[in-house]
Each structure stands twice: as C-alpha cells, then as structure tokens.
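See below for the structure under consideration.
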Amino acid sequence: INLTALKANFKELMASIFDSEVLTMPSLFVYGELSDYVTEQDRQQISAQFTHAEFNCIEKAGHWVQAERPQQFKQVVEEFLQDD
C-alpha cells in the first residue's frame with residue numbers, strides 16, 4: 006500500500022466517495038465497541054449516503070472486528086445476508 010500517496014490524496018479520495026449519488030441498497034456497517042473509528046458523526050454521514058444503512062456494533066471488539074470476534078462478525082453478516 007502506498008501510504009504516502011493515500012495521505013497526499015486523502016481529501017480527493019474521500020470526496021469521490023461522498024460526492025456520488027445516494028445509494029439505496031441495503032448496506033451493513035460493522036464496527037467494534039472499543040474502536041473510535043466510527044463516530045456518531047460518521048454514522049450520520051454514512052446514513053445520508055446509504056439510505057438503507059444498518060449499523061452493528063460488536064461488543065468487546067476494537068477496529069479489527071473480524072479478527073477479534075470472528076463468530077460474532079460471521080453471525081451479523083449471515084443475518085444481514087439472509088434478510089430480504
């Protein structure tokens with residue numbers, strides 16, 4: 006990963022994501038209870054961009070939810086995929 010390029014172009018990269026059209030398909034956002042990576046402000050911005058966003062907070066997990074709580078992560082994803 007070219008971290009220098011990512012850092013130098015971060016604003017442009019993020020703008021291209023959030024300046025696009027609103028997405029209406031069901032979308033799952035999973036985050037860890039112990040991580041500060043997804044804030045309330047982030048959830049509000051995501052909800053504005055993804056009108057059918059579902060947020061799931063995994064207890065006792067940090068940023069690497071899938072590695073720290075793999076069974077809980079798997080269950081959340083499976084349940085999301087099974088919903089109609």
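Quick note on numbering: the sequence shown equals residues 6 to 89 in the working numbering.
Quick reminder that beta carbons are idealized off the backbone N, C-alpha and C, glycines included.
Distance, residue j Cα to residue i Cα
i	j	result
Q71	F78	6 Å
L102	E64	Missing from the structure shown is residue 102; the chain here goes from 6 to 89 and no further.
E17	P31	26 Å
E26	T56	11 Å
L8	L86	33 Å
T44	N61	13 Å
T29	R48	16 Å
A20	D88	31 Å
L11	Q46	22 Å
A15	Q76	The sequence given here places Phe at residue 15; Ala does not occur at that position. Rounded to the nearest angstrom, the two C-alpha atoms are 33 Å apart.
Same chain, Cβ closer than 7 Å to residue i, neighbours up to 5 away in sequence not counted
i	result
I51	F34, A58
H68	G37, S40, Y42
Sequence-distant residues of the same chain with beta carbon closer than 8 Å to residue i, five excluded per side
i	result
A53	V27
Close Cβ partners of residue i (< 6 Å) along its chain, the five nearest in sequence each way excluded
i	result
R74	I63, A66
Stretch pair the stretch 25 to 44 + the stretch 78 to 85: three plus CB contacts closer than 8 Å: yes
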